[in-house]
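**Student:** Just passing along the structure, written as structure tokens.
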Amino acid sequence: VYQVFENVAKKYDIMNDSMSLGIHRVWKDVLLYKMNPSPGILLLDVAGGTGDIAFRFIDYVRSVRERQLRRKLKHHQNLSWQEIADSYQAETVKPLGDSQVVVCDINKEMLKVGRQKAQHLGYSEGLSWVVGNAEELPFGDEKFDVYTIAFGIRNVTHIDLVLQEAYRVLKPGGRFLCLEFSQVNNPLLSRLYDLYSFQIIPVLGEIIAGDWKSYQYLVESIRRFPPQEEFKAMIEDAGFLKVDYQNLTSGIVAIHSGFKL
Amino acid sequence: ERGPELAAGAAQPPEPSVLPLLVCPLSKRPLRYEAATQELVNEELGIAYPVVDGIPTMLPEAARKIPAPPAKQH
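Those protein sequences? They're chains H and R, same order as listed.
Throughout the first sequence, residue numbering follows the numbering used here, covering 6 to 266 in sequence.
Throughout the second sequence, residue numbering follows the numbering used here, covering 40 to 113 in sequence.
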């Protein structure tokens, strides 16, 4: 698995756009919308190498915070110039309001790409990068408010260990969110999807990244992954409550959610 | 602008905000950050995880064994 991602790291984003016709961006946006984080939240994004979820989290929290500050200003009719200046100061000094995201990935190449992207796009505050194994996380118990794993869990050897670790590092009240390929619920779409996966994606992989095998591996890993209900049961086995899932694009992907209560 | 600091091979310190969150992935016990060697040390197990280019590399296979301190004299 490691070598697949070494080859894939640099071209990861381009491949995602090509394979999913850009729809992966929408899926990730939906994940953030569902998470609905408020400023002060501590997020652990696992297998998040190139930073897609992390950047969205930062954008989301920043805009929530801006809105909060603006609302505060509106409600105070007679503000002195000092108070107005202080408010703007708050916005620049703590744009995220103490929110933090840690991106953890087993592959340092993916993290490096992510970090480069972060600089390029101007993300620096509240963001850190750690090389770690999702089955054996290097974080203390009950540290995070939200744990996300987007398109990463299908690549692990022991899903149950990943879920147990997710449970361990979440604070009580914390939320587990997983965005992953799942089972298509429409038979016609299913045939088209199979055709696309097995005929087109590896070809795209060869053309864009010069790597047929890695993309064939990716397609196969998608097929092997448990379907929605089965994965839901595994999440419950790890101790999570109020577990449910939301299908996106007829089940091509699903967002599973659970709480540590 | 962080451009010049990230030239290949330049040592970069880790993001301070992440340090208090980190533990040894094996024992889940706290670590000591050694700035001089850019390592996160687990005294109990006698291993140290490297910080490479500012990124803590918290994989057991990446850790190095720390020679045990000399035995105390009675």
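Glycine included, each C-beta is placed from N, C-alpha and C at the ideal position.
Using the DSSP secondary-structure output, state which residues sit across from residue 94 of chain R in a beta bridge.
**Tutor:** Answer is R:91, bridged to residue 94 of chain R.
**Student:** Return the bridge partner residues of residue 144 of chain H from the DSSP annotation.
**Tutor:** Paired residue(s): R:61.
**Student:** Report the residue from H:60, H:243 and H:44 whose alpha carbon sits nearest the alpha carbon of residue 264 of chain H.
**Tutor:** Ranking the options by Cα distance to residue 264 of chain H, first place goes to H:243.
**Student:** Should residue 138 of chain H go down as buried or exposed, given a rule of 16 or more other Cβ atoms within 10 Å for buried?
**Tutor:** So residue 138 of chain H ends up on the buried side.
**Student:** Is the number of C-beta pairs between the segment 159-171 of chain H and the segment 204-220 of chain H that are closer than 8 angstroms three or more?
**Tutor:** They do not touch, by the three-pair rule.
**Student:** Suppose the cutoff is 7 angstroms on Cβ atoms and the five residues either side in sequence are ignored; what does the same chain contact list for residue 101 of chain R look like?
**Tutor:** The residues are 88 and 89.
**Student:** If residue 187 of chain H and residue 259 of chain H are in contact, beta carbons under 8 angstroms, what's the gap, nearest whole angstrom?
**Tutor:** The pair is a contact, with the Cβ atoms about 4 angstroms apart (cut-off 8 angstroms).
**Student:** Out of H:144, H:21 and H:202, state which residue places its alpha-carbon closest to the alpha-carbon of residue 176 of chain H.
**Tutor:** When only C-alpha atoms are compared, the closest one is H:144.
**Student:** How would you label residue 64 of chain H, buried or exposed, when you count the other beta carbons within 10 angstroms and need 16 or more for buried?
**Tutor:** Residue 64 of chain H comes out exposed.
**Student:** Step through the CB atoms of chain H and report whether any lies within less than 8 angstroms of the CB of residue 105 of chain R.
**Tutor:** By this cut-off, residue 105 of chain R is not an interface position.
**Student:** Chain H beta carbons: is any one of them nearer than 8 angstroms to that of residue 86 of chain R?
**Tutor:** It does not; no Cβ of chain H falls within 8 angstroms.
**Student:** Do the CB positions of residue 245 of chain H and residue 224 of chain H come within less than 8 angstroms of each other?
**Tutor:** Not a contact, by the Cβ cut-off of 8 angstroms.
**Student:** In whole angstroms, what separates the C-alpha of residue 189 of chain H from that of residue 27 of chain H?
**Tutor:** Spanning the two alpha carbons is a distance of roughly 19 angstroms.
**Student:** Classify residue 153 of chain H as helix, strand or coil using the three-state DSSP reduction.
**Tutor:** Here residue 153 of chain H sits in strand by DSSP.
**Student:** Short of 6 angstroms in beta carbon distance, which residues of its chain neighbour residue 73 of chain R, apart from the five on each side in sequence? Order them along the chain.
**Tutor:** Around residue 73 of chain R: 80.
**Student:** Given that residue 76 of chain R touches chain H, what residues does it touch there, using C-beta distances under 9 angstroms?
**Tutor:** Chain H residues near residue 76 of chain R: none, gap ~17 angstroms exceeds 9 angstroms.
**Student:** Any Cβ of chain H within less than 8 angstroms of the Cβ of residue 95 of chain R?
**Tutor:** Output row for residue 95 of chain R: interface = yes.
**Student:** Taking Cβ positions only, does residue 102 of chain R come closer than 8 angstroms to chain H?
**Tutor:** False, the Cβ-Cβ gap to chain H never drops below 8 angstroms.
**Student:** Go ahead and label residue 68 of chain R buried or exposed: buried means 16 or more other beta carbons lie within 10 angstroms of its beta carbon, across all protein chains shown.
**Tutor:** Exposed, since its Cβ has fewer than 16 Cβ neighbours within 10 Å.
**Student:** Relative to the alpha-carbon of residue 131 of chain H, which residue among H:226, H:249, H:56 and H:234 has its alpha-carbon at the smallest distance?
**Tutor:** If we check each option's Cα against that of residue 131 of chain H, H:56 comes out closest.
**Student:** Between residue 135 of chain H and chain R, is there a C-beta pair that is closer than 8 angstroms?
**Tutor:** Cβ-Cβ to chain R under 8 angstroms: yes for residue 135 of chain H.
**Student:** From the beta carbon of residue 56 of chain R, is the nearest beta carbon of chain H less than 8 angstroms away?
**Tutor:** Closer than 8 angstroms: yes.
**Student:** Following a CB-centred definition, is residue 209 of chain H positioned closer than 7 angstroms to any heavy atom of the ligand SAH?
**Tutor:** Here there are no bound small molecules, and the ligand SAH is not part of this structure.
**Student:** Below 8 angstroms on C-beta distance, what does residue 62 of chain R contact in chain H?
**Tutor:** Chain H residues near residue 62 of chain R: 143, 144 and 145.
**Student:** Which residues share a DSSP beta bridge with residue 263 of chain H?
**Tutor:** DSSP lists H:181 as partners of residue 263 of chain H.
**Student:** Return no unless some Cβ of chain H is closer than 8 angstroms to the Cβ of residue 91 of chain R.
**Tutor:** Yes - at least one Cβ of chain H is within 8 angstroms of the one on residue 91 of chain R.
**Student:** Does any residue of chain H have a CB that is nearer than 8 angstroms to the CB of residue 41 of chain R?
**Tutor:** Note that residue 41 of chain R scores a pLDDT of 45, beneath 50, so its modelled location is shaky; the value from the coordinates is reported in the next line. It does: the Cβ of residue 41 of chain R has a partner Cβ on chain H nearer than 8 angstroms.
**Student:** What in chain R is Cβ-close to residue 138 of chain H, meaning under 7 angstroms?
**Tutor:** The contacting residues are 64 and 98.
**Student:** Can you check which of these residues, H:156, H:218, H:237 and H:191, is closest to residue 36 of chain H by C-alpha distance?
**Tutor:** It is H:156 whose Cα lies nearest to the Cα of residue 36 of chain H.
**Student:** Could you tell me if residue 220 of chain H is buried or exposed, where buried requires 16 or more neighbouring beta carbons within 10 angstroms of its beta carbon?
**Tutor:** The residue in question, residue 220 of chain H, is buried, as its Cβ has 16 or more Cβ neighbours within 10 Å.
**Student:** Between the Cα of residue 45 of chain H and those of H:215, H:148 and H:54, spot the shortest distance and give me the residue it belongs to.
**Tutor:** It is H:148.
**Student:** Thinking just about the alpha-carbon of each residue, which of H:48, H:19 and H:52 is nearest to the one in residue 158 of chain H?
**Tutor:** For the residues H:48, H:19 and H:52, the minimum Cα distance to residue 158 of chain H belongs to H:52.
**Student:** Classify residue 101 of chain R as helix, strand or coil using the three-state DSSP reduction.
**Tutor:** Helix at residue 101 of chain R.
**Student:** Whose CA, out of H:150, H:19, H:85 and H:230, lies closest to the CA of residue 164 of chain H?
**Tutor:** Comparing Cα positions, the closest option is H:230.
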